[in-house]
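First comes the structure, then the notes that go with it.
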Amino acid sequence: MTGLPPAAGPARLLVRVDDAGLARWVLRLVETLEKRPGTQAYVSVDDRPEAGASPALATLLSLERMLLRRSQPGGSDRIGRADIGEARLAPAGFSPDVVIDLTDGTGAAVAPDAVRLRPLYDSQPGQTALASALFFRGTPEIAIERIEPGESAGRIVASGTASLEAAAGIGGGIEAVASRAIVLLIKALSGAEDGAAVTHSLPVRAIGNGDVLRRSAKEVARAAVRAAYRLCCHGSHWRVGWRFVESGGDVWMRRDLSGKRWNVLADPVDHFYADPFPISRQGRDYLFFEDLDHKTEKGIISMVAFDETGRPGPAVPVLEEPWHLSYPFLIERDGELFMIPESSANRDIALYRAAEFPLKWQRHAVLVEGVEAADATIVEHDGLLFLFAVVRDGVGGYSDTLAIWSATDLFGPWQPHPGNPVLVDDRTARPAGNFVRRDGALYRPVQDCRNAYGGALGFMKVTRLDGQGFAQESEGTISGGPSWPGKRLHTLNYNGRLETIDGFTLRPKLKLAADLVDRWYEPR
Numbered sequence: 001m002t003g004l005p006p007a008a009g010p011a012r013l014l015v016r017v018d019d020a021g022l023a024r025w026v027l028r029l030v031e032t033l034e035k036r037p038g039t040q041a042y043v044s045v046d047d048r049p050e051a052g053a054s055p056a057l058a059t060l061l062s063l064e065r066m067l068l069r070r071s072q073p074g075g076s077d078r079i080g081r082a083d084i085g086e087a088r089l090a091p092a093g094f095s096p097d098v099v100i101d102l103t104d105g106t107g108a109a110v111a112p113d114a115v116r117l118r119p120l121y122d123s124q125p126g127q128t129a130l131a132s133a134l135f136f137r138g139t140p141e142i143a144i145e146r147i148e149p150g151e152s153a154g155r156i157v158a159s160g161t162a163s164l165e166a167a168a169g170i171g172g173g174i175e176a177v178a179s180r181a182i183v184l185l186i187k188a189l190s191g192a193e194d195g196a197a198v199t200h201s202l203p204v205r206a207i208g209n210g211d212v213l214r215r216s217a218k219e220v221a222r223a224a225v226r227a228a229y230r231l232c233c234h235g236s237h238w239r240v241g242w243r244f245v246e247s248g249g250d251v252w253m254r255r256d257l258s259g260k261r262w263n264v265l266a267d268p269v270d271h272f273y274a275d276p277f278p279i280s281r282q283g284r285d286y287l288f289f290e291d292l293d294h295k296t297e298k299g300i301i302s303m304v305a306f307d308e309t310g311r312p313g314p315a316v317p318v319l320e321e322p323w324h325l326s327y328p329f330l331i332e333r334d335g336e337l338f339m340i341p342e343s344s345a346n347r348d349i350a351l352y353r354a355a356e357f358p359l360k361w362q363r364h365a366v367l368v369e370g371v372e373a374a375d376a377t378i379v380e381h382d383g384l385l386f387l388f389a390v391v392r393d394g395v396g397g398y399s400d401t402l403a404i405w406s407a408t409d410l411f412g413p414w415q416p417h418p419g420n421p422v423l424v425d426d427r428t429a430r431p432a433g434n435f436v437r438r439d440g441a442l443y444r445p446v447q448d449c450r451n452a453y454g455g456a457l458g459f460m461k462v463t464r465l466d467g468q469g470f471a472q473e474s475e476g477t478i479s480g481g482p483s484w485p486g487k488r489l490h491t492l493n494y495n496g497r498l499e500t501i502d503g504f505t506l507r508p509k510l511k512l513a514a515d516l517v518d519r520w521y522e523p524r
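Our numbering numbers the first residue of the sequence shown as 1 and each following residue consecutively.
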């Protein structure tokens, strides 16, 4: 993943896996290790019948592959030695510096003189533990344990929690969690230690045939409900809320959505608006936001201007590219205004200049290239500019892996933080708007994506931000309620006058029905 620390430390690696746990994601791990300069990586497959996969789980994964993925390959798919390749299988006498142990921990020890790194899922090792956690509880806490030679227990050197927003079924969950375990393993190999303490220690519960039958019945029912919903409603619809409030009456001070009544920015029945960023220019207020057409599922950036009475005008498109755009972060420099819209589909973080504000924007510079990054947000702190974004390398969730870059100038060069990714967490990684300073402290809004993408909005206090470290503390979360009805929130901004949020709502495809639903979900 772009932004990872350079290769450091041991170069002779052995990936140990039970035959029953040999899945496509293991091959991805090996391929990732091979990309580290100077690294020699081999695989050792343990033939242990007692570590065999649950027949019920195997049946479930096969059904999911057919029904949810239409037989497309996925990270949880069973593979064989031939897929690994003869050249990757450990030769006799190979002596590794580090063993990456993916087994359930019950087999005989190997390479006693090597350091051992093993992923734990809610404190338990092995793919059965991962599948059990996903099946019965949801996304598990991932921890990388480092065990020194001659020791039976070790210490946690990296930890995190994967987002399941893009996961289809248990198989998709295995792929999502395993992809973040790979990220954390690479970080552990670099010598980094986050000093985390594991908070969950739960037993591995066997998945039985009855469990699979009950889950399958529920999934069939959910699929039927989703299909019916999509016939009459747009699948995902967000709306923008706005209000003029004085400092002290805003969400950051209140820590809830009450106070002055929210207004909903009117949108067409077949478009949704999201990611609102307000700005004042020459005494007038403007609001930039994502404008997504449900017919194309592609976003552009649009804008509304507020008149002297505080009412918004019509939405006007201001920026479109061949790829999807959203999250129009705004930043001023030397009297000029710039925008950094999300362009993860183009694999870059690009800066646009307001050539003729507010309607004309020109692509001005690429700040970071070759990265799938979303929701780039910049803050100036202690003489440096820091750019925050969630990153992804084509697999897993979109909202759990936070990377930071720094620069002395907006136009770069931007240097990756040596701790990248600084965070793997589905609840506190993804940016949700501008940084805020209150009483000398620095805060950032974040998306809590544990239960759904943009499921809630969190308040994080930044306790460390410099060229060597990053730390933050949670000060609570908020979600929808009577003041802003709806299930989810994922953006909060305030320019000192105009405060904006967005939220998820139902959107029937027929305008009459949409109008009725809008009245039902009207803020109070």
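No residue lacks a Cβ here, since even glycine has one placed at the ideal position from N, Cα and C.
Computed from a prediction, not measured in an experiment: that's the story for all the values here.
Option nearest residue i by Cα separation, candidates the options
i: Val99; options: Pro91, Ile300, Val110; result: Val110
i: Ala41; options: Leu351, Asp19, Asp101; result: Asp101
i: Phe504; options: Leu457, Arg497, Lys511; result: Leu457
i: Asp293; options: Thr309, Arg239, Leu287; result: Arg239
i: Leu184; options: Tyr494, Lys511, Gln447, Val422; result: Val422
i: Ser258; options: Gly248, Pro37, Thr428; result: Gly248
i: Gly397; options: Lys218, Tyr453, Leu367; result: Tyr453
i: Ile301; options: Glu320, Lys35, Leu512; result: Glu320
i: Leu510; options: Glu219, Phe470, Leu231; result: Leu231
i: Asp285; options: Asp393, Arg180, Asp47, Asn495; result: Asn495
i: Arg427; options: Pro445, Arg24, Val436; result: Pro445
i: Ile186; options: Arg78, Lys35, Pro91, Glu219; result: Lys35
i: His237; options: Gly383, Phe272, Arg254; result: Phe272
i: Ala355; options: Ile349, Arg363, Asp348; result: Arg363
Through-space distance from residue j to residue i, alpha-carbon basis
i: Arg69; j: Ala168; result: 8 Å
i: Ala365; j: Gly412; result: 9 Å
i: Asp113; j: Leu14; result: 12 Å
i: Gly138; j: Glu175; result: 13 Å
i: Lys298; j: Leu506; result: 19 Å
i: Cys449; j: Gly476; result: 14 Å
i: Pro322; j: Pro268; result: 22 Å
i: Gln468; j: His381; result: 14 Å
i: Ala441; j: Lys461; result: 7 Å
i: Leu498; j: Ala514; result: 27 Å
i: Thr106; j: Tyr121; result: 16 Å
i: Thr39; j: Ser399; result: 30 Å
i: Gly313; j: Phe435; result: 27 Å
i: Ala7; j: Ile144; result: Low per-residue confidence applies at Ala7: pLDDT is 47, beneath 50, and the placement is therefore not dependable, though the value from the model is reported in the following sentence. So the alpha carbons of these two residues sit roughly 18 Å apart.
i: Lys487; j: Thr296; result: 24 Å
i: Pro55; j: Pro96; result: 33 Å
i: Arg215; j: Ala223; result: 12 Å
i: Leu61; j: Ala217; result: 15 Å
i: Ala178; j: Asp393; result: 13 Å
i: Phe306; j: Ser344; result: 30 Å
Cutoff 7 Å; reference residue i; Cβ partners in own chain excluding five residues on either side
i: Val45; result: Val17, Asp19, Leu22, Arg81
i: Thr2; result: Per-residue confidence for Thr2 stands at a pLDDT of 40, beneath the threshold of 50, marking its modelled position as unreliable; the derived number appears in the next sentence. Counting only Cβ-Cβ distances below 7 Å, and skipping sequence neighbours, we find Gly370, Val371, Val391.
i: Thr59; result: Val212
i: Leu57; result: Ala131, Ile207
i: Asp47; result: Asp19
i: Ser280; result: Asn495, Arg497
i: Asp83; result: Leu27
i: Asp256; result: Ile478
i: Leu492; result: Val251, Ala432, Gly433, Pro445, Leu457, Ile501
Residues of its chain near residue i, where Cβ-Cβ distance is below 6 Å and the 5 sequence neighbours each way are ignored
i: Gly173; result: Leu134, Leu164, Ala167
i: Tyr327; result: Asp275, Glu342, Asp375
i: Ile147; result: Arg116, Gly154
i: Glu86; result: none
i: Thr377; result: Phe329, Phe388, Pro431
i: Asp518; result: none
i: Glu290; result: Ala274, Asp275, Gly299, Ser326
i: Leu202; result: Asp122
i: His234; result: His294, Arg507
Anticipated Cβ contact below 8 Å, residue i with residue j, distance rounded
i: Ile142; j: Thr161; result: 7 Å
i: Gly126; j: Thr103; result: 6 Å
i: Gln385; j: Leu351; result: Residue identity differs from the one stated: residue 385 is Leu in this sequence, not Gln. About 12 Å; that fails the 8 Å criterion.
i: Val395; j: Trp361; result: Contact doesn't hold; Cβ gap of about 32 Å is too wide.
Nonlocal neighbours in the same chain, by C-beta distance under 8 Å from residue i, ignoring five residues either side
i: Trp262; result: Gly241, Trp242, Arg243, Ser483, Trp484, Ile501, Pro523
i: Ala192; result: Pro5, Val157, Ala158, Gly419
i: Gln415; result: Trp405, Ser406, Ala407
i: Pro73; result: Arg24
i: Phe94; result: Arg12, Leu14, Tyr42
Within-8 Å CB hit, residue i to chain D
i: Val390; result: The structure shown contains no chain D; it is built from a single protein chain.
4 or more residues per run - each alpha helix (DSSP H) lying fully within the stretch 127 to 162: 127 to 136
4-residue-minimum alpha helix (DSSP H) runs that sit fully inside the stretch 167 to 227, ordered along the chain: 169 to 189
Can you give, in chain order, each stretch of the beta strand (DSSP E) that sits fully within the stretch 447 to 491 and has at least 3 residues? 456 to 465, 470 to 478
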